[in-house]
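Note sheet for the following structure.
Number of protein chains: 2
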Amino acid sequence: MEPTAAGASITLKDVAAASGVSLSTASRALDDRGTASRSAAAEHVREVAERLGYRRNSFASSLRRGETRTLGVLVPRLSDTVMALMFEELERAASSRGYFAMVATSGDDPDDEQRAAETLLDRNVDGLILATARLDDELPRRLRKRGVAHALVLRTDGVSPSSLGDDEVGGYLAVRHLIDLGHRDIAVVTGPSFTSSAVGRLAGARRAFAEAGIDAPAKWLLAAGYGIENGYTAGETILGGHAANRPTAVFAANDNIALGVIAAAHRFGVAIGEDLALVGYNDIPLSARLSTPLSSVHVPLAQIAGTAIDLVFNPDMGPRIRKAMPTLIPRASSGPPRQFD
Amino acid sequence: MEPTAAGASITLKDVAAASGVSLSTASRALDDRGTASRSAAAEHVREVAERLGYRRNSFASSLRRGETRTLGVLVPRLSDTVMALMFEELERAASSRGYFAMVATSGDDPDDEQRAAETLLDRNVDGLILATARLDDELPRRLRKRGVAHALVLRTDGVSPSSLGDDEVGGYLAVRHLIDLGHRDIAVVTGPSFTSSAVGRLAGARRAFAEAGIDAPAKWLLAAGYGIENGYTAGETILGGHAANRPTAVFAANDNIALGVIAAAHRFGVAIGEDLALVGYNDIPLSARLSTPLSSVHVPLAQIAGTAIDLVFNPDMGPRIRKAMPTLIPRASSGPPRQFD
DNA sequence: TTGCAAAATGAAAACGTTCCCGCAATCGTT
DNA sequence: AACGATTGCGGGAACGTTTTCATTTTGCAA
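Chains as they are written, first to last, in this note's numbering: chain A, -14 to 326; chain B, -14 to 326.
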């Protein structure tokens, strides 16, 4: 009946009694912050605690200390590989700083996002990391007003402390790569327009176009969601017309979209890498393992994670919005256009 | 400096004072378990609490109550889509029962698994759900000995309460499907032999072979890891020989392995669905979206999640090991063998 | 009205830590 | 040997809840 997890638990009082010291002394001896006391008594307490299998009660401790050494992470969904990877890196970075990372998922709905954030705050996290930010998001604003320590990752609202890849540069690199290969007819499929990542990557793509004097037709600049199915739909739109009217290259603002485009290309009998060059974004592990490995813009997630956590606790050091440099990884999916063979 | 997340916080004392009642009354009025008190005073307290923006301090509450309404979930990694989906379902099931799910990742190392479990237990979770179990795992054994409420998902050690898909049936369905299509030369790539899922799926495959009077050659029964790269290696082994010596079908014990086999097939110029029939396992969302959509054994994760949580809190009701029925989803990747065209 | 059960209330004692305070012991310096 | 400075120690008061217990109030029937 009782869902008691812990067995009969050893409290600090037990340890103190067994060591023949007071509660206070035992507490101090086991305080792992700062330098461990080197007195003989303290050493003895530590031995006894170990022997008895004492584990500090985190609630009592947090209640008294007023901090939890816990970080809340909010992501739209974990089944999106990029988000899962981001969380894994955040977990690692948090752990190396003595923190525990706790995740909640919120989908794409601002209300759910708000609710999920409250859930995390109710668990008294010391700070919050959001991978969900919209350009005009209410949540970061409220967090700022309430004085909640937080940082945004991967996406920014332009105001709250943020750690992300430089999407403008990434978009530029991708399209520049395609242009350098000889492509002129290039389609761009971006993510949802409420994300800074989509806007940034599109801006970078535009810069590359402008630099090369290419006038990108509006019908080949599509905004989509970040899911495979969105990529598929976009792919149908782009490739569905007469073969002569197709672009020779596509820049997909994320690897999921690219996967959708691949499926659409297959449906229309267009060979990726030969008939159509394709560049994705994020370089998820799958990309390198596809039948035709996917060129993609790699983003240093580990670095972004570390920076994000530093921003949560020291928002005042350095610029509030930190951008990490992405790298283009060329693979077989992006070859020169047909006529160049 | 101070990593204070919450602003100046409203305590129960404030609410009580503002409502003109005692602390105890305020506490009772806001107790959300059981039936809410219907007295006028209680109603008033709730209003005041709402107006003041009172949020119960979860530590003080948990400390006093001795329960946390928190569930710890241990998975090898979240970047594996199946694990991410499993966690999302567990999170949902937990939430609908008033629990919060907390995840930790442990890789494939038993020591890390132990450490991660301790981390969760240190946070006083009311129960633990493991998706990491090995057949001869120490951890479930220790949890049983310590009397920690727990359940295993997706994999079982055969002893602790477990909720998983019926892997034997799934393996049978997959291979039976291939046999029904006319295949006789079928390779099977299973997962790591320390997982019950790999063992079960292989056993099911064997039953299908036996039933059809097929003597599966040992060289086509490969044990691999559950990653794409393992599938690729296995694919190289299977398809690397002379074309005449290749199987006409492959059952991959998970979709990642299938993805690897696809890549290997591509390398050897073998067309999936035409030259080689392929069936995966788990039916991750990507499978349906591949260029050649992948046939796969679908597993009801939501149901497994619900059962798992029930098992944690009521391990004595019904059988300890519950198996959910998988379904085969045939798609374009599994066609009849060439000579049948 | 009176009587009695049921419901609501306030005081106070937990829950297991940490931390402030005053005091004693130890240390290094002249 | 004497001095101040450091360090370690135990007592006890927090931290914000929940819960027990004794008491008071309410509701209802006679």
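The C-beta atom is built at its ideal place from N, Cα and C for all residues, glycine as well.
Give a yes or no on whether the minimum CB-CB distance between residue i and chain A is below 8 Å.
i, result
"N328 of chain B", "This structure cannot speak to residue 328 of chain B, because chain B is shown only from -14 to 326."
"T90 of chain B", "yes"
"P293 of chain B", "Looking at the sequence itself, residue 293 of chain B is Ala, so the reference to Pro does not match. Answer no: the Cβ-Cβ gap between A293 of chain B and chain A never drops below 8 Å."
"L48 of chain B", "yes"
"R191 of chain B", "no"
"S319 of chain B", "no"
"A45 of chain B", "yes"
"L120 of chain B", "no"
"T104 of chain B", "yes"
"L271 of chain B", "yes"
"F72 of chain B", "yes"
"L275 of chain B", "yes"
"H251 of chain B", "yes"
"S64 of chain B", "yes"
"R36 of chain B", "no"
"I213 of chain B", "yes"
What would DSSP say about residue i, mapped onto helix, strand or coil?
i, result
"F298 of chain A", "helix"
"L166 of chain A", "coil"
"V284 of chain A", "coil"
"L137 of chain A", "strand"
"S147 of chain B", "strand"
"A327 of chain B", "With chain B covering -14 to 326 only, the question about residue 327 of chain B has no answer from this structure."
"N267 of chain B", "strand"
"V184 of chain B", "helix"
"L275 of chain B", "coil"
"R41 of chain A", "coil"
"A317 of chain B", "coil"
"T66 of chain B", "helix"
"F72 of chain B", "helix"
"T53 of chain B", "coil"
"R307 of chain A", "strand"
"F236 of chain B", "strand"
"G132 of chain A", "coil"
Using a Cβ-Cβ cut-off of 7 Å (strictly less than) and excluding sequence neighbours within five positions of residue i, which residues of its own chain qualify?
i, result
"A102 of chain A", "L59, L113, L124"
"A69 of chain A", "L63"
"I257 of chain A", "I247, A250, L263, T277, S318"
"L158 of chain A", "V282, P311, L313"
Give a yes or no on whether 8 Å exceeds the smallest Cβ distance from residue i to chain B.
i, result
"F218 of chain A", "First, the amino acid is wrong: residue 218 of chain A is Thr here, not Phe. No, no contact with chain B."
"E76 of chain A", "yes"
"E123 of chain A", "no"
"I247 of chain A", "yes"
"A69 of chain A", "yes"
"G(-8) of chain A", "Summary for G(-8) of chain A: the model assigns pLDDT 46, below 50, so the residue's position carries little reliability; its value from the coordinates is reported in the next sentence. Output row for G(-8) of chain A: interface = yes."
"L244 of chain A", "yes"
"F85 of chain A", "yes"
"R18 of chain A", "no"
"I223 of chain A", "no"
With a threshold of 6 Å on Cβ separation, who are the neighbours of residue i within its own chain once the five nearest residues in sequence on each side are excluded?
i, result
"G57 of chain A", "M87, L105, V110, L113"
"G212 of chain B", "N241"
"P322 of chain B", "G167, H168, T233"
"D170 of chain B", "P232, T233"
"V173 of chain B", "A190, L206, F236"
Distance check for residue j and residue i, CA to CA, integer angstroms please.
i, j, result
"G143 of chain A", "A116 of chain A", "14 Å"
"G189 of chain A", "R161 of chain A", "9 Å"
"A254 of chain A", "F179 of chain A", "Sequence inspection shows Gly at residue 254 of chain A; the Ala mentioned does not correspond to that position. About 33 Å."
"R40 of chain B", "S46 of chain B", "11 Å"
"R82 of chain B", "S4 of chain A", "42 Å"
"R316 of chain B", "L279 of chain B", "6 Å"
"A183 of chain B", "N215 of chain B", "14 Å"
"L206 of chain B", "P232 of chain B", "11 Å"
"P300 of chain A", "D107 of chain B", "29 Å"
"G92 of chain A", "P61 of chain A", "4 Å"
"G225 of chain B", "K204 of chain B", "13 Å"
Between residue i and residue j, how many whole angstroms is the CB-CB distance? I'm expecting something under 8 Å.
i, j, result
"L187 of chain A", "G156 of chain A", "6 Å"
"I(-5) of chain B", "L37 of chain B", "5 Å"
"R149 of chain A", "I289 of chain A", "The residue you asked about is not Arg; residue 149 of chain A is Leu in the sequence shown. With 8 Å as the limit, L149 of chain A and I289 of chain A qualify as a contact, their Cβ atoms being about 6 Å apart."
"A287 of chain B", "E74 of chain B", "5 Å"
"E35 of chain A", "T90 of chain B", "Wrong, their Cβ atoms sit about 27 Å apart, outside the cutoff."
For the ligand FAD, is there any heavy atom lying closer than 7 Å to the beta carbon of residue i?
i, result
"R192 of chain A", "This structure does not include the ligand FAD; it has no bound ligands of any sort."
Note down, in chain order, each residue of its chain lying with its Cβ closer than 8 Å to the Cβ of residue i, except the 5 sequence neighbours on either side.
i, result
"D200 of chain B", "F194"
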